[in-house]
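The letter at position 239 of the sequence shown is residue 239 when you use UniProt numbering, and the numbering goes up by one with no holes.
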Amino acid sequence: MYRLAAFDMDGTLLMRDHNIGGATLSALHQLVDSGVILTFATGRHYLDMKGILSHSSLSGYLITGNGTRVCDAQGETLYGMDLAAELVAFVLRTPWKTTATLHIFRDEGWFTDCNDPSLLAAHKTSGFHFHLTALDTLPLTGNHKICFIAPHQELVALKEQLEQQMGNEADFCFSAIDCLEVLPRGCNKGAALERLSHHLGLTLADCMAFGDAMNDKEMLSRVGHGLVMGNALPQLKQELPHLQVIGRCEQQGVAHYLQHWLSSPHLTYSPEF
Numbered sequence: 001m002y003r004l005a006a007f008d009m010d011g012t013l014l015m016r017d018h019n020i021g022g023a024t025l026s027a028l029h030q031l032v033d034s035g036v037i038l039t040f041a042t043g044r045h046y047l048d049m050k051g052i053l054s055h056s057s058l059s060g061y062l063i064t065g066n067g068t069r070v071c072d073a074q075g076e077t078l079y080g081m082d083l084a085a086e087l088v089a090f091v092l093r094t095p096w097k098t099t100a101t102l103h104i105f106r107d108e109g110w111f112t113d114c115n116d117p118s119l120l121a122a123h124k125t126s127g128f129h130f131h132l133t134a135l136d137t138l139p140l141t142g143n144h145k146i147c148f149i150a151p152h153q154e155l156v157a158l159k160e161q162l163e164q165q166m167g168n169e170a171d172f173c174f175s176a177i178d179c180l181e182v183l184p185r186g187c188n189k190g191a192a193l194e195r196l197s198h199h200l201g202l203t204l205a206d207c208m209a210f211g212d213a214m215n216d217k218e219m220l221s222r223v224g225h226g227l228v229m230g231n232a233l234p235q236l237k238q239e240l241p242h243l244q245v246i247g248r249c250e251q252q253g254v255a256h257y258l259q260h261w262l263s264s265p266h267l268t269y270s271p272e273f
């Protein structure tokens with residue numbers, strides 16, 4: 001019996017309208033009733049998640065910013081990690097060969113010098129929004145992560161530049177096909193989930209996890225039971241071929257799997273694609 005369940009949000013729980021489907025909400029409540037602790041592990045900011053969950057009647061532990069923050073259900077920070085000030089300064093002052101827009105996330109919110117209202121569509125449920133800011137006026141300390149947004153192939157080339165210039169000083173991951181993140185070294189959902197597990201007196205072997213993107217890789221690969229969404233990025237499926245693939249997010253695949261697991265855990269699961 002798994003005692004802790006971790007869920008990615010975008011592409012896993014959140015549907016195209018950026019809400020959690022009714023069948024999924026019902027299954028998550030059943031999971032809680034069975035004694036399983038919920039945690040939501042996402043690249044989104046804590047304030048964004050707080051807004052989303054306020055519309056869902058769900059509560060749980062939060063792993064936000066791709067592992068840069070871990071909070072309890074009351075919003076108290078259990079763990080936090082920020083980018084080194086020197087690294088932030090280097091990223092901001094280097095003329096990268098890219099047209100990607102740059103975004104910085106801090107406890108206070110989301111900061112960018114790009115006024116693009118289309119970026120707000122994914123946050124309409126929570127009302128989370130960016131603050132238009134000259135980025136060089138922000139403090140160099142207290143920054144969780146830096147995001148570059150551009151078409152995927154341009155970000156692939158940018159990732160090579162960043163890795164060549166910064167070496168082992170930071171980690172880089174695609175939280176979405178058009179979003180490349182710069183994170184503190186060793187910071188990811190898997191490491192954050194391990195810290196949360198220890199806080200709860202559990203181990204990762206006691207956890208199940210669901211995800212669809214490369215920022216879920218460490219979490220899915222380290223838990224006792226990792227489950228890959230049917231709509232997951234091909235690279236994730238290729239790198240974790242031993243993990244079970246379940247249904248797609250738009251078909252509320254998490255709900256379909258949980259209903260099976262709660263009622264017939266001894267039977268082989270067959271997803272509906």
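The beta carbon of each residue, even a glycine, is placed where N, CA and C say it ideally should be.
Cβ separation of residue i and residue j, assumed to be a contact under 8 Å, to the nearest whole Å
i: Leu-119; j: Phe-130; result: 7 Å
i: His-256; j: Gly-247; result: 5 Å
i: Phe-105; j: His-45; result: 6 Å
i: Ala-122; j: His-18; result: 6 Å
i: Ala-192; j: Tyr-269; result: Incorrect: roughly 27 Å between the Cβ atoms, too far for contact.
i: Leu-243; j: Leu-227; result: 7 Å
i: Arg-16; j: Glu-194; result: Actually they do not touch by this definition, with Cβ atoms about 32 Å apart.
Proximity of residue i and residue j at Cβ, strictly below 8 Å
i: Lys-217; j: Leu-183; result: no
i: Thr-24; j: Thr-42; result: no
i: Ala-209; j: Met-219; result: yes
i: Leu-62; j: Leu-258; result: no
Separation of residue j from residue i, as counted between CA atoms
i: Leu-162; j: Gly-142; result: 21 Å
i: Gly-67; j: Phe-174; result: 14 Å
i: Leu-236; j: Cys-207; result: 19 Å
i: Ala-150; j: Pro-95; result: 16 Å
i: Val-245; j: Ile-52; result: 26 Å
i: residue 274; j: Leu-262; result: Any question about residue 274 goes unanswered here, given that the chain covers just 1 to 273.
i: His-225; j: Arg-93; result: 42 Å
i: Val-70; j: Gly-11; result: 21 Å
i: Phe-148; j: Ala-176; result: 11 Å
i: Gly-230; j: Asp-212; result: 8 Å
i: Ile-37; j: Leu-58; result: 11 Å
i: Arg-222; j: Gln-252; result: 24 Å
i: Lys-188; j: Glu-181; result: Per the sequence shown, the amino acid found at residue 188 is Asn instead of Lys. Distance between the alpha carbons of Asn-188 and Glu-181 is about 11 Å.
i: Glu-76; j: Lys-159; result: 33 Å
i: Asn-215; j: Ala-232; result: 11 Å
i: Asp-8; j: Leu-102; result: 23 Å
i: Leu-196; j: Ala-6; result: 11 Å
i: Lys-124; j: Ser-54; result: 13 Å
i: residue 275; j: Ser-26; result: Since the first residue shown for the chain is 1 and the last is 273, residue 275 is missing from the structure and cannot be characterised.
i: Gln-153; j: Pro-234; result: 15 Å
i: Asp-116; j: His-266; result: 49 Å
i: Asp-107; j: Asp-178; result: 23 Å
i: Lys-97; j: Asp-136; result: 19 Å
i: Phe-128; j: Gln-238; result: 34 Å
Buried/exposed call for residue i, threshold 16 Cβ in 10 Å
i: Leu-83; result: buried
i: Val-254; result: buried
i: Val-156; result: exposed
i: Cys-114; result: exposed
i: Gln-199; result: The sequence shown places His at residue 199, rather than the Gln named in the question. Classification for His-199: exposed.
i: Ser-264; result: exposed
i: Leu-132; result: exposed
i: Ala-134; result: exposed
i: Thr-39; result: buried
i: Gly-190; result: buried
i: Met-81; result: buried
Contacts around residue i, its chain only, beta-carbon distance under 7 Å, and the 5 residues preceding and following it disregarded
i: Ile-20; result: Leu-13, Leu-14 and Ser-56
i: Ser-126; result: Asp-48, Gly-51 and Ile-52
i: Leu-202; result: Arg-3 and Leu-4
i: Ala-73; result: Ser-59, Gly-60 and Tyr-61
i: Ala-100; result: Phe-148, Ile-149, Ala-150, Glu-154, Leu-155 and Leu-158
i: Ser-34; result: Leu-262
i: Gly-22; result: none
i: Met-1; result: none
Cβ shell of residue i (< 6 Å), same chain only, five flanking positions each side left out
i: Leu-140; result: Ala-85, Val-88 and Ala-89
i: Pro-271; result: Ile-246 and Gly-247
Same chain, Cβ closer than 8 Å to residue i, five either side skipped, listed in chain order
i: residue 291; result: Limits of the chain in this structure are 1 at one end and 273 at the other, which puts residue 291 out of reach.
i: Phe-172; result: Lys-159, Leu-162, Glu-163, Leu-180, Glu-181, Val-182 and Leu-183
i: Arg-185; result: Asn-168, Glu-169, Ala-170 and Asp-171
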